[in-house]
Amino acid sequence: MTATHPAPNPPAPAPHGDLTVNNVEVVYHDIVQVLRGVSLTVRAGQVTSLLGTNGAGKTTTLRAISGLLKPENGRIREGTVSFGGRTLSSLGGTEVVKSGVVQVPEGRRVFKHLNVEENLRAGAILGRGRWRDDLERIYTYFPKLRTLRHRQAGYTSGGEQQMLAIGRALMAHPRVLLLDEPSLGLAPMLVAEIFENVRRINREEGLSVLVVEQNATVALAHSDYGYVMEGGRIVMEGESDWLSGNPDVKEFYLGVTEHGQRKSFRDVKSYKRRKRWM
Amino acid sequence: MNLDLLPQLLLAGVVIGSIYALAALGFVLIYKSSRVINFAHGQVIATGAFIAFALTQSGMNFWLAGLLAMLATFALGMLIERVFLRRMVGEPIISVIMVTIGLASVVDGLLHLTPYGAGNFSFTTPAALSGAGIDLLGTQLSRVQLAGVLAALALLGGFTYFFNRSTMGITMRAVADDQMAAMSVGTSVERVFALAWAFAGLTAAAAGVILGLMSGLTLTGLAGIGLKVFPVVILGGLDSVLGAIVGGILIGVLENLAAGYLDGLVPGGGTRDVFPFIVLLIVLLLRPYGLFGTKEIERV
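Chains as they are written, first to last, in the working numbering: chain Y, 33 to 310; chain U, 817 to 1116.
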């Protein structure tokens, strides 16, 4: 499969546009440049993964899209973000959500002192649908949340909080969901379950997803297309199948050599190691 | 100890306590959504009460004047948030609190410039409230007291419902919990703050008018309520409406019991002002987050 092929399962609902990040540069506090010209496309109805190590600029890329840079004193200095013909990069966070792009923050950030159902209802603040119907919809995807609905969110487990954070974002009727490290601090079984759920929602609602991950194996297994970031730039992109078979990706992110043996970082060729800190 | 006095003291305590609760509500509204402690709350209460008084002086119907005063302080709350607080978003909370202290002085100064700056004033009791009261527990409850309690409880009940059931109320609590997460689903944090200040202003005027009707209007007395709400909200838990109700009534009752039973034992009296604070200290030693406050959830 090549990059030009359509997604294996075209979405049923009305098609909507691609989300495009075009040559974006982001600086924090007007000094620290984190993104150095990032371009990527989240195709309508696809799951796209954005991989890279700590500090590569993945979270910043998500914030640049969702308009949540400002609270962190960040600013888009160059480039544009657009979705379905609309420019998002000049909009505030509320407007971005209104246009259908919703971010699930890193570390889940559920409202700890609110119960599970109230957390979900807080996601419906823009009133883009009837919240009672939406609650039912979320409970169908995550039946566990229904049984926990009166539990204070701060007392639920990490996996439950991740489902809750995704459910909360879905209450806002996104057309593009931005997921920031859903695997963070979760057991592998749970990570797989969450990615399967995301995949299911993607197929059933035709929701486009951009998922930022350090766990490249699971992200590539559940996405259509992938980008690899290093030092604030995209350094590689391609169909997920192709990426997971690529020797460089295997060596750096999947930790295996071409012969299938696991390898230590120490053994990586020094020129490649340098490249990583670029 | 004369137990015959007890029902009367309790009843008077509940009446004044429910007004304290209403006064504290505005305080809780702001704290709940933005974690800001508003030291200018007493001044807003006084502003509301005197706006209503000025309007009745010019011949307006009492009820209409009260309603307009509530609308005026609704707008005042919004204005304060817009002009002073909004540019403080993201600054350390202590700076924001200092701003409210400054604001308290400024509003106080402005009120002193009005004809109502010094002296005692009283509303002419509206006809509907001037008839005979009712007998309760062997004591008289005047119509003014009754109406005051009912109005206070209605507002308190309304806001409890609002916070627990409406999407906007839940969102206001969500903003208090985690601003960034609230923004991620499209919440306009600015709008939430503006609304909290506006509601605080509205309830402040209501409390001011009721207090004025019950016990007369003086600038220092009304502005002083802003300090009296501290034991109320700290007792009940800074972020709990239910806590404000219980705390208010508790403080009201304690004050009256102290005045009735302890004043005679101390030369000079005045125990009513001290006793609530003694209880406050004890409660804080045992439950630092108040009787109904949010216990911090510590978990990664």
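Each residue gets a CB set at the ideal place from its N, CA and C atoms; glycine is no exception.
Can you pull out the residues from the stretch 110-126 of chain Y whose beta carbon lies closer than 9 Å to at least one beta carbon of chain U? Gly124, Gly125, Thr126
Cβ atoms of Ser1000/U and Ala201/Y: under 9 Å apart, would you say? yes
His48/Y CB to nearest chain U CB: under 9 Å? Not one chain U Cβ lies under 9 Å of His48/Y.
Is it the case that the stretch 147-164 of chain Y contacts the stretch 1011-1029 of chain U, given that we only count it when at least three CB pairs across the two stretches are under 8 Å? no
Using 10 angstroms around the beta-carbon of Ile108/Y, count the other beta-carbons present and answer buried if the total reaches 16, otherwise exposed. buried
Using CA coordinates, which residue listed in Ile867/U, Phe900/U, Ile917/U is at the minimum distance from Phe937/U? Distances from the alpha-carbon of Phe937/U to those of Ile867/U, Phe900/U, Ile917/U put Ile867/U closest.
Just confirm the distance between the C-beta atoms of Val241/Y and Pro214/Y, as a whole number of angstroms; I'd bet it's less than 8 Å. No, Val241/Y and Pro214/Y are not in contact; Cβ-Cβ is about 10 Å, not under 8 Å.
Touching or not, the stretch 260-268 of chain Y and the stretch 58-69 of chain Y, by the rule of three or more beta carbon pairs under 8 Å? yes
Less than 9 Å separating the beta-carbons of Leu838/U and Gly1064/U? yes
In this structure, how does DSSP classify Gly191/Y when only helix, strand and coil are distinguished? In the structure shown, Gly191/Y sits in a helix (DSSP, three-state: H, G or I).
Using three-state DSSP, classify Thr889/U as helix, strand or coil. helix
So, is the C-beta of Met904/U closer than 9 Å to a C-beta in chain Y? no
With DSSP as the reference, identify every bridge partner of Ile266/Y, one or two as the case may be. Met261/Y
Check whether chain Y comes within 9 Å of Val1116/U, counting only Cβ atoms and requiring the distance to be less than that. Any reading at Val1116/U must be qualified, since the residue scores a pLDDT of 42, below 50, and its modelled position is unreliable; the value itself is stated next. Yes, because at least one Cβ of chain Y sits closer than 9 Å to the Cβ of Val1116/U.
Under a three-way DSSP split, which group does Ala1085/U fall into? The displayed chain sequence assigns Gly, not Ala, to residue 1085/U. Looking at Gly1085/U - three-state DSSP - the assignment turns out to be coil, as it is neither helix nor strand.
Would you list, in chain order, the members of the stretch 155-180 of chain Y that have their beta-carbon closer than 8 Å to a beta-carbon of chain U? Gly155, Ala156, Ile157, Leu158, Gly159, Trp163
When DSSP builds the beta bridges, which residues end up paired with Gly1040/U? Per DSSP, none; premise fails for Gly1040/U.
What first and last residue would you give for the beta strand (DSSP E) that runs through Thr941/U? Membership of Thr941/U in any beta strand (DSSP E) is not indicated, and neither H nor E is assigned to it by DSSP.
Any C-beta of chain Y sitting closer than 9 Å to the C-beta of Val844/U? no
When you compare the CB of Met203/Y with every CB in chain U, is at least one pair closer than 9 Å? yes
Can you list, in chain order, the stretches of the alpha helix (DSSP H) that have 4 or more residues and sit fully within the stretch 941-1020 of chain U? 959-981, 983-993, 995-1000
Less than 9 Å between the C-beta atoms of Thr52/Y and Ser122/Y, yes or no? no
Does Met1030/U get closer than 9 Å to chain Y when you measure Cβ to Cβ? No Cβ of chain Y is located within less than 9 Å of the beta carbon of Met1030/U.
Rounded to whole angstroms, how far is the Cβ of Phe174/Y from the Cβ of Gly139/Y, which I believe are closer than 8 Å? Not confirmed; about 19 Å, so no contact.
Is there a Cβ from chain U that is less than 9 Å from the Cβ of Pro137/Y? yes
Leaving out five residues on either side along the sequence, give the residues of the same chain with a beta carbon under 8 Å from the beta carbon of Phe143/Y. Glu150, Asn151, Ala154, Ala185
Through-space distance from Ser834/U to Leu825/U, alpha-carbon basis: Rounded to the nearest angstrom, the two C-alpha atoms are 14 Å apart.
Kindly indicate if chain U contains any beta-carbon less than 9 Å away from that of Leu146/Y. For Leu146/Y, at least one C-beta of chain U is nearer than 9 Å to its own C-beta.
Ile986/U: contacting residues in chain Y (beta-carbon distance under 8 Å): Leu146, Glu150, Arg153, Ala154
With three or more C-beta pairs closer than 8 Å as the rule, is the stretch 1090-1110 of chain U touching the stretch 1052-1062 of chain U? yes
Below 6 Å CB to CB, which residues in the same chain sit around Glu269/Y once its five sequence neighbours on both sides are set aside? For Glu269/Y, where only same-chain residues beyond five positions count, the Cβ hits under 6 Å are Tyr259.
State buried or exposed for Arg981/U, treating a residue as buried only when at least 16 other CB atoms are found within 10 Å of its CB. Exposed, by the Cβ-count rule.
Distance between Phe878/U and Gln859/U (C-alpha atoms, nearest Å): 21 Å
Gly238/Y beta carbon less than 9 Å from that of Gly77/Y: yes
Check whether the Cβ of Leu239/Y lies closer than 9 Å to any Cβ atom in chain U. Output row for Leu239/Y: interface = no.
Is any beta-carbon of chain Y found at less than 9 Å from that of Ser1004/U? yes
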